Ligand code: COA
Ligand code: AMP
């Protein structure tokens, strides 16, 4: 089916379109109803098990010997390949381990682990027994982990003794202990995988040694769950300090992912697919774990960085080694590789015959980077757009349908099932080519979120501003030919090296410092990471040593949010630009920091502050 035909069918008869797509899966009970309009749920009466579909189904189909999970850890020097049969054994016993630890259907399990196979076994094991996993990215600090534990109230936490970064070993266990210490809802059980690089002290009567528990466990079969039951909760940054727990269902999600593997990425059973991301992010959930395995592909779990582990050739060497057909990464990774290997020498050294396309997402793909890598690879490089809430690509070039027309600067066209609109703040649809709020008409297709954990009000708020539409929070433009261009966020979320972070949350941390009277944190343009947080602080009179305050703030951000929220620039200023109603003009601060054109809003309280700020920022930059 061509892209145009799929788009037409998904628009004209979405129920039929998605019912047909659902047939790609094995269901314990195939749904009789496609979509329940009242509750806005897909496949409301269907039952299935996603782990069974991702693992057991391929063994039953005679593909047990094919590679399923390929672990590549240049940071430790280890690698391993698990066939579908081996994956089934590992996951079934890990599920037995969870059952022995008292985890039941519907219970939550937090997974705070590095990129190691046991983390994937843990996710799939939860899905196998109908438990709901919530993976927390290892780069988040203890208070962030605590917020997530408190919100989803897990029966158990799965963790490891350490994670490895190029410059240091990160002891996870003290972070987990500190998080649990802060929690009101303390989990009863924590299961800890001891890694050779750094072993952890286990707390008697709480911490269980993973290997001992695994050895004592018996394999457990998958249980059918309702299609609408939650498969996982994944927390993402909103505009406040409280993360949003995006809830993903089983049947709609699995259907959408299976469809996307074929029609967007153009892969099938037996192919090798690699998303170089982290299981802590939505990309990792959808395209390291569930998507490729549902499609019967081998997936690569990569514990390393695009550069420095050991060098900028690692992506291409692994593509060559495993005959990767599709590679997916964030533009930041390509910018890092380009810096280290500007002439593409590593790219030329590897054989990339197997590679059919490179997909980019997670942040804006700047045309310069996209064109550079397309030129170096000589293969299609496809930008595509999505969000944690949506769960799979909503804007893309459907490569699997033979589409290759790419418009540089655009993330592609609407994926069948998504109906995009652009409206101004007065709810008027804008003409093609004009920028406005990027909206998606309801109902959203299968796979997209239907709830936020513990927070129906906040969920509703995402649909309240433009009734009948999901507000993406991005500004966008649709051109005459239907290509959608993403222009950046309309709220206080920034994207640092593909990591979604809230500047509002950073402001909460900064304003807790006793010397800070008021502050604003904005995302400044960064040549490597896309954006980077920059603070503007009005300090209490007489607090003296700004260098010390700056150091304190950097330490607090790392300690309260995590090292990925890499605040490094803090400007000490006499006042912040505000509207007459007292709202801080963050866009103006961003323009000043970036050296962009300054557009002074009519509502500004005191325009004289602008020149002072421009002079201050210029002086600081000259010093740096
Ligand atoms: N656990 C603990 N700490 C982590 C971590 C993890 N899983 N991931 C990152 N960190 C730490 C890093 O060690 C670093 O700490 P430092 O400031 O003490 O050195 C900090 O968080 C920032 O890390 P990172 O954002 O990775 O920046 P970097 O400067 O170390 O590396 C890149 C730059 C471009 C190589 C890196 O950002 C990268 O690989 N980007 C691609 C991101 C990506 O794939 N995102 C996917 C989203 S789809
Ligand atoms: P996350 O929920 O972490 O996946 O972040 C989603 C946000 O990342 C989106 O709302 C966008 O702001 C940004 N984003 C993701 N993909 C792209 C893309 N291809 N182009 C521009 N921005 C993107």
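In full-length UniProt numbering, the protein residues as written are 1 to 624.
Virtual Cβ for every residue (Gly too), placed ideally from N, Cα, C.
Fair warning: this is a prediction, and the values are worked out from it, not measured in the lab.
Query                                                                                                                             : Result
Residue 500: CB within 7 Å of a non-hydrogen atom of the ligand AMP                                                               : yes
Spatially closest choice to residue 517 from 543, 420, 502 and 505, by CA coordinates                                             : 543
Cβ pair count under 8 Å reaching 3, the stretch 598–609 against the stretch 550–568                                               : no
8 Å Cβ cutoff met for residue 400 and residue 303                                                                                 : no
Spatially closest choice to residue 390 from 233, 292 and 376, by CA coordinates                                                  : 233
Contiguous beta strand (DSSP E) assignments of at least 3 residues, all confined to the stretch 144–196                           : 156–160, 162–165, 168–171 and 189–193
Spatially closest choice to residue 60 from 44, 88, 76 and 69, by CA coordinates                                                  : 88
Per-residue burial, residue 212 [other beta carbons within 10 Å of its own, 16 or more giving buried]                             : exposed
At least three beta-carbon pairs within less than 8 Å, the stretch 534–548 to the stretch 564–571                                 : yes
Cα-Cα separation between residue 464 and residue 40, rounded to whole angstroms                                                   : 16 Å
Reduced DSSP category for residue 263 - H, G, I as helix; E, B as strand; rest coil                                               : helix
Cα-Cα separation, residue 110 to residue 146                                                                                      : 11 Å
Buried versus exposed call for residue 251 [16 or more other C-beta atoms within 10 Å across all chains shown]                    : buried
Same chain, Cβ closer than 7 Å to residue 151, neighbours up to 5 away in sequence not counted                                    : 245, 453 and 454
Minimum C-alpha distance to residue 269 - residue among 65, 375 and 140                                                           : 65
Distance between residue 386 and residue 362 (C-alpha atoms, nearest Å)                                                           : 7 Å
Alpha-carbon to alpha-carbon, residue 364 and residue 619                                                                         : 29 Å
Residue interval of the beta strand (DSSP E) (run including residue 502)                                                          : 499–502
Residue 80 burial status per 10 Å Cβ neighbour count (16 or more: buried)                                                         : exposed
Enclosing alpha helix (DSSP H) for residue 14 [first to last residue]                                                             : 14–22
C-alpha distance - residue 520 paired with residue 451, whole-angstrom precision                                                  : 31 Å
Every unbroken alpha helix (DSSP H) inside the stretch 279–315 [4 residues or more]                                               : 291–294
C-beta atoms of residue 420 and residue 478 nearer than 8 Å                                                                       : yes
Delimiting residues of the beta strand (DSSP E) encompassing residue 489                                                          : 483–489
Residue 372 - containing beta strand (DSSP E), residue span                                                                       : Per DSSP, residue 372 belongs to no beta strand (DSSP E); it is in the alpha helix (DSSP H), 367–377.
Chain-order list of residues whose beta-carbon lies under 6 Å from that of residue 609 (same chain, five-residue window excluded) : 575 and 577
Residue closest to residue 480, alpha-carbon to alpha-carbon, out of 459, 443 and 407                                             : 407
Beta-carbon proximity of residue 413 to residue 486, cut-off 8 Å                                                                  : no
C-alpha distance - residue 314 paired with residue 17, whole-angstrom precision                                                   : 40 Å
Boundaries (first-last residue) of the beta strand (DSSP E) holding residue 461                                                   : Looking at the DSSP string, residue 461 is not in any beta strand (DSSP E); the run it does join, the alpha helix (DSSP H), is 456–464.
Residue 255 and residue 21 closer than 8 Å at C-beta                                                                              : yes
Pairwise C-alpha distance: residue 432 and residue 130                                                                            : 45 Å
Identity of the residue in 286, 411 and 76 nearest residue 167 by Cα                                                              : 76
Near the ligand COA: residue 137 beta-carbon under 7 Å from a heavy atom                                                          : yes
Opening and closing residue of the beta strand (DSSP E) in which residue 423 lies                                                 : 420–423
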